Amino acid sequence: MEHFIHPDFQLNGKNFDYIDLIAEANNLYKNGTLFEKGIGSFLLKWLNNEEYIFVQTSGSTGAPKQIYIPKSAMIASAKATGSFFNLQAQSSALLCLSADYIAGKMMLVRAMVLGLKLDYVEPSSQPLAGIYKQYNFVAMVPMQIEASFEQLNQITILIIGGAKLNSKLAAKLKDVSTNVYETYGMTETVSHIALKKISEDYFSVLPNIKIGIDERQCLVIEAPLLYAEKIITNDSVEIINDNQFILKGRIDNIINSGGIKIFPEELEEKLSLKIDQRFFFTSQLDERLGEQLILIVEGTPFAISNNVFDDFSKYQIPKAIYFVDQFVETGNGKINRNLTKAKLFP
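Now the structure itself:
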C-alpha cells in the first residue's frame with residue numbers, strides 16, 4: 001500500500017509527512033479525548049500496510065455490521081468529490097463528524113489526498129460555536145445545521161448527510177449564501193456517490209458513476225472504482241438521464257394500503273413544514289386494507305389539527321396517530337423506524 005500524503009495537507013494548522021503523521025496519530029490514540037482517539041485510530045489504520053479498512057455501517061437499514069473497503073476506493077471517492085466541487089490544494093475544511101463512521105473517515109481521506117487544510121472539532125450539535133474562521137468545505141448532519149444556521153456564511157460549500165433534510169430547513173437553506181448540497185450514498189459506496197443542490201429536485205452523480213433501475217424501479221449503481229460489483233439498492237427512484245435521478249423513498253418503507261402504494265418519505269416532507277417534533281409515517285396491519293397508514297410522533301402527546309392534512313389526499317391521511325416518548329436511534333443518530341415502532345407494537 002502506497003502511503004501518499006499530499007504535501008499541502010494540514011491537520012489543525014500543522015503540516016505532516018508520513019512519519020510525523022504516524023507519530024501524531026499515536027499521540028491522539030493514546031492521549032486524546034474520546035473523539036480524538038477515533039481520529040488517531042483511523043489514521044493508524046490508514047497508514048498501515050493493509051489494503052483495506054474495516055468500517056461500521058450505521059444500522060439504519062438493518063443490523064449494524066462491519067464491512068471492509070479498499071483504501072484505493074476511498075482515494076477514488078475523495079478524488080471524485082474534489083473534481084465535482086473543484087476543491088484545490090490548500091482549501092480549508094472542517095471535520096465535525098465522528099471518525100468512527102464513513103462520513104468522518106472520508107473527510108480525513110479527502111484532506112490527505114487533495115491537500116486540504118483540515119481542522120477538527122469535537123462532534124456536537126453546535127460545531128461552529130466559538131469558531132470565526134471561513135471554511136471552503138464542511139460536512140454536517142441536519143441537526144448541526146439547525147444549530148449553526150446563523151454562522152453558515154462562514155462556509156463556502158456545505159454537504160449534508162446522515163439523515164433526511166426536512167422541508168422547513170431546506171426552504172431556509174435556499175436563502176443562504178453557502179452552496180448547500182444534500183448527499184446520496186451509503187457506507188458500501190464509500191460515502192456519497194451523488195449530490196443534490198438544495199434548490200433542485202434531482203441528484204447528480206459523481207464522475208465515473210453509472211446509474212440504472214431494476215424491475216422494482218429501484219436504483220442500481222455501477223461504480224467500478226469504488227465497488228467491484230453492481231450495487232442494487234432498495235431506493236425507489238425516477239431516472240431523469242444517465243447522470244441524474246429523483247429519490248422517491250425506500251421500497252422497504254412503502255406502504256400498500258388497499259392497493260394504493262404510499263411513500264412515507266414524500267408525506268414526511270410535506271408534513272415537516274407543519275409539525276416541529278420529530279415524526280415518521282409507517283403502517284400497522286388492517287384486516288380490510290392489509291396495511292393502514294399511521295403517524296408516530298416523538299414527545300408528549302398533543303392535539304394535531306386536521307388542518308395540517310388539508311393538502312393530503314384521502315389515502316395519505318393517517319388512520320391513527322401515536323406518540324412515543326423518545327425515538328430509538330442508530331449509532332450515528334438516524335431514526336430506527338422498526339425498533340421505534342416495536343415500542344408501540346411489541
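Residues 1 to 346 in full-length UniProt numbering are what the sequence shown lists, from first letter to last. Cβ atoms here follow ideal geometry from the backbone N, Cα and C, with glycine treated the same way. None of the values given here were measured: they were computed from a predicted structure.
Which of the three DSSP states, helix, strand or coil, is assigned to residue i?
| i | result |
| --- | --- |
| residue 341 | helix |
| residue 62 | At residue 62, the pLDDT of 49 sits below 50, so the modelled position is not reliable; the number obtained from the coordinates is stated separately. Three-state result, residue 62: coil. |
| residue 105 | helix |
| residue 158 | strand |
| residue 295 | strand |
| residue 351 | Because the chain here runs from 1 to 346, residue 351 falls outside it and cannot be looked at. |
| residue 251 | helix |
| residue 27 | helix |
| residue 258 | coil |
| residue 149 | helix |
| residue 244 | strand |
| residue 169 | helix |
| residue 142 | helix |
| residue 95 | strand |
| residue 51 | coil |
| residue 11 | strand |
| residue 316 | helix |
Looking only at its chain, what residues have a beta carbon closer than 8 Å to the beta carbon of residue i, apart from the 5 residues adjacent to it on each side?
| i | result |
| --- | --- |
| residue 83 | 206 and 207 |
| residue 181 | 157, 158, 159, 160, 195, 196, 197 and 198 |
| residue 163 | 141, 142, 143, 333, 334 and 335 |
| residue 68 | 52, 53, 54 and 55 |
Between residue i and the rest of its own chain, which residues show a CB-CB distance below 6 Å, the 5 nearest in sequence each way excluded?
| i | result |
| --- | --- |
| residue 41 | 29 |
| residue 104 | 97 and 98 |
| residue 318 | 293, 294 and 295 |
| residue 265 | 249 |
| residue 176 | 152 |
| residue 61 | Confidence at residue 61 is low in this model, with a pLDDT of 45, below 50, so the placement of that residue should be treated as unreliable; the coordinate-derived value is given next. Excluding residues within five positions, none has a Cβ falling inside 6 Å. |
Give every residue of the same chain whose Cβ lies closer than 7 Å to the Cβ of residue i, excluding the five residues on either side of it in the sequence, and list them in chain order.
| i | result |
| --- | --- |
| residue 256 | 290 and 291 |
| residue 144 | 96, 125 and 127 |
| residue 329 | 335 and 336 |
| residue 216 | 251 |
| residue 298 | 277, 278, 279, 324, 326 and 327 |
Sort out for me which residues DSSP pairs residue i with in a bridge.
| i | result |
| --- | --- |
| residue 356 | Past the boundaries of the shown model lies residue 356; the chain is included only from 1 to 346, so the question cannot be answered. |
| residue 110 | DSSP output for residue 110 lists no bridge partner at all. |
| residue 290 | 286 |
Thinking C-beta only, is residue j closer than 8 Å to residue i?
| i | j | result |
| --- | --- | --- |
| residue 112 | residue 191 | no |
| residue 98 | residue 116 | no |
| residue 119 | residue 12 | yes |
| residue 136 | residue 195 | no |
| residue 225 | residue 73 | yes |
| residue 168 | residue 272 | yes |
| residue 174 | residue 198 | yes |
| residue 89 | residue 6 | yes |
| residue 327 | residue 335 | yes |
| residue 231 | residue 221 | yes |
| residue 193 | residue 184 | yes |
| residue 108 | residue 39 | yes |
| residue 213 | residue 239 | yes |
| residue 279 | residue 301 | no |
So the beta strand (DSSP E) residue i belongs to, where does it begin and stop?
| i | result |
| --- | --- |
| residue 117 | 117 to 120 |
| residue 285 | 279 to 286 |
| residue 185 | 179 to 186 |
| residue 203 | 203 to 205 |
| residue 263 | Run containing residue 263: none; DSSP gives neither H nor E here. |
| residue 195 | 191 to 197 |
| residue 323 | 320 to 324 |
Along the chain, where does the alpha helix (DSSP H) containing residue i start, and where does it finish?
| i | result |
| --- | --- |
| residue 85 | 71 to 85 |
Please confirm whether residue i has its beta-carbon closer than 8 Å to some beta-carbon of chain C.
| i | result |
| --- | --- |
| residue 193 | Here there is only one protein chain, and chain C is not present. |
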